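Chains as they are written, first to last, in the numbering used here: chain G, 910 to 1174; chain U, 910 to 1174.
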């Protein structure tokens, strides 16, 4: 029977080659697999590929960039995904495994889900393996020494583009916010955090784990500044009002223990 | 000058030894470092240590369990952290580096933040390095092939103990919920998801990446079932109402482009 290749989503972590997992590393050592990686346009570099190069990996000559444009035009996106899926499928049908390299984690704001979905739509029998990776927010929290979540904490991750009112609201609901793509709203967010007395509980990090990494603890200094697309704001709200929690192993509602959490944590 | 050791928070990922990062792996190969790992009580196994063993690593004879009790009693917790910190500090003062092994990611619901905080409180000059790792929810999303977040998605991560009303509310605000510690509330959550027509957008996973991993796609079958502490529910809400988004590079509010997002994504 003719062998058909497997599609691998290979997470490389957010930039530091040392945060590549052993599984991803082993896959990237194989010389019989076909490398693919996302680019925003034909002339663009692939950040995922940059991480692989920084790790000292030999990029196969046959490595192939797949174009995923930065757009919210649904039709353009779907065209790009299905074109990429067709190219991948041709390689898989030759019996060759395909590695799709992604920065960060393949399940978190990654193009891999779309690619894998489009491939499965063309041929539902294709085997797909997603290799999980370290996210930019885990790595940023580690660099900043600001834990993302403790004990009963609630955290939310979102693009800042939802606006300052949404961020203001979500600060009441979560102990930690990870704000992505802060560029167009940064000044407004700084104003909001100042108003709420949260400036000292926020930090900014750009290109975490790369040689260009920038950490800014006094985020007021970012007013009017240019920031990179690969940046995030980590905001903690130690003043969030916490309601009662349901704990323990009880199965029936009547037996559930309601305990007031300690607001001091 | 007398050398003082460095404290490392070594994330091992959620269970699959292949998800250990290269950085963590390199640290765990060293034979001059002192291993420590959290346990819930003196008689308990350390899950972090179990992952290291499953990876084939040789556990040093001097490896030391540090007790972090599963309690919400603030005083008991602080006593445990400061006792652990004192033990760690003694080793660091001998000039030996200390590795604190943690499952998952050291910044995400981990005891490392407390330990590092307590150590820094005793001696602010101690060097601390947090090695980020793969979270259980990234690994679970990969196993389930359910992306956590796409494009403009908002996601929240929280212990289910906040109750069904909170979960109901947060489903209106986020595209993805990661619900942890679902055990005491599982039946109520299943009822909620059934009422909201979200059963087919939810999946359960237990002990992801370990030999005991269990994936349940039809979560109704979990009614009345026993589930492990190391489990989570991943819930997507494709019906969330999305407001306008602010995008682009504009600095002044007047130039911000408000675009209606495509609800189909």
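In this text, a Cβ means the ideal position worked out from N, Cα and C, and glycines have one as well.
Just so it is clear, the structure is predicted and the values come from calculations on it, not from any experiment.
Would you kindly work out how many angstroms separate the C-alpha atoms of residue 921 of chain G and residue 999 of chain G, rounded to a whole number? 24 Å
Using a cut-off of 7 Å between C-beta atoms, extract the partners of residue 928 of chain U located in chain G. 930, 932 and 1041
Can you find the residues in the same chain that come closer than 8 Å, C-beta to C-beta, to residue 997 of chain U, ignoring five residues on each side of it along the sequence? 916, 945, 975, 1007, 1009, 1024 and 1028
Whose Cβ in chain G lies nearer than 7 Å to the Cβ of residue 1110 of chain U? Here the premise fails: no neighbours, minimum Cβ distance about 14 Å.
Give every residue of the same chain whose Cβ lies closer than 8 Å to the Cβ of residue 995 of chain U, excluding the five residues on either side of it in the sequence, and list them in chain order. 1031
Compute the distance between the beta-carbons of residue 1123 of chain G and residue 1115 of chain G, then report whether it is under 7 Å. yes
Name the two residues that bound the continuous alpha helix (DSSP H) containing residue 1205 of chain U. Outside the shown range of chain U (910 to 1174) lies residue 1205 of chain U, about which nothing can therefore be said.
Hey, is residue 1176 of chain G's beta-carbon within less than 7 Å of any beta-carbon in chain U? Limits of chain G in this structure are 910 at one end and 1174 at the other, which puts residue 1176 of chain G out of reach.
Under 6 Å Cβ to Cβ from residue 919 of chain G, same chain only, skipping five residues before and after it: list those, please. 933, 936, 1008, 1010 and 1040
Using a Cβ cut-off of 7 Å, which residues of the segment 988 to 1018 of chain G contact any Cβ in chain C, in chain order? The chain labelled as chain C is not found among the protein chains of the depicted structure, namely G and U.
Can you tell me whether DSSP reads residue 1140 of chain G as helix, strand or coil? strand
Which residue from G:1013, G:1052 and G:1101 puts its Cα closest to that of residue 1048 of chain U? G:1013
Determine the direct distance from the alpha carbon of residue 941 of chain G to that of residue 1128 of chain G, and round the result to whole angstroms. 47 Å
Distance, Cα to Cα, residue 1150 of chain U vs residue 989 of chain G? 26 Å
Using only CA atoms, which one of U:1110, U:1084, U:1106 and U:1130 lies nearest to residue 1095 of chain U? U:1130
Other residues of its chain near residue 956 of chain U: CB distance less than 7 Å, five sequence neighbours each side excluded: 1012
Contacts that residue 957 of chain U makes with chain G (C-beta to C-beta distance below 9 Å): Correct list: empty, because the minimum Cβ distance to chain G is about 16 Å.
Less than 7 Å separating the beta-carbons of residue 1154 of chain U and residue 1118 of chain G? no
Where does residue 1173 of chain U sit, in a helix, a strand or coil, going by DSSP? For residue 1173 of chain U, the pLDDT reaches just 31, beneath the cut-off of 50, and the residue's location in the model is therefore unreliable, although a value from the coordinates is still provided. DSSP places residue 1173 of chain U in coil when its eight states are reduced to three.
State the start and end residues of the unbroken alpha helix (DSSP H) segment that holds residue 998 of chain U. 983 to 1002
Note down the Cα distance separating residue 1017 of chain G from residue 1019 of chain U, rounded to an integer number of angstroms. 21 Å
What residue range is occupied by the uninterrupted beta strand (DSSP E) comprising residue 1024 of chain U? Note, residue 1024 of chain U: premise wrong, no beta strand (DSSP E); alpha helix (DSSP H) at 1021 to 1031.
Just confirm the distance between the C-beta atoms of residue 1065 of chain G and residue 1086 of chain G, as a whole number of angstroms; I'd bet it's less than 8 Å. 6 Å
Given a limit of 8 Å on CB to CB distance, which residues of the segment 1115 to 1149 of chain G reach chain U? 1133
List the endpoints of the continuous beta strand (DSSP E) containing residue 920 of chain G. 916 to 920
Less than 8 Å between the CB atoms is what I'm expecting for residue 1099 of chain G and residue 1132 of chain G, so what's the real figure, rounded? 6 Å
Can you list the residues of chain G that residue 917 of chain U reaches, using a CB-CB cut of under 9 Å? Residues of chain G passing the Cβ test: none, with the nearest at roughly 11 Å.
Could you name the residues that DSSP lists as bridge partners for residue 1113 of chain U? U:1125 and U:1142
Using alpha carbons as the reference points, say which of U:1113, U:1093 and U:1112 lies closest to residue 1156 of chain G. U:1093
Please classify residue 1050 of chain U as buried or exposed, where buried requires at least 16 other C-beta atoms within 10 Å of its C-beta. buried
Within a Cβ cutoff of 6 Å, which residues of the same chain sit near residue 1083 of chain G, ignoring the five residues on either side of it in sequence? 1063, 1064 and 1065
Nearest by alpha-carbon distance to residue 1035 of chain G: which of G:1002, G:1106 and G:925 is it? G:1002
Distance, Cα to Cα, residue 980 of chain G vs residue 1067 of chain G? 18 Å
With DSSP run on the structure shown, which of helix, strand or coil describes residue 1156 of chain G? strand
How would you label residue 1175 of chain U, buried or exposed, when you count the other beta carbons within 10 angstroms and need 16 or more for buried? This structure cannot speak to residue 1175 of chain U, because chain U is shown only from 910 to 1174.
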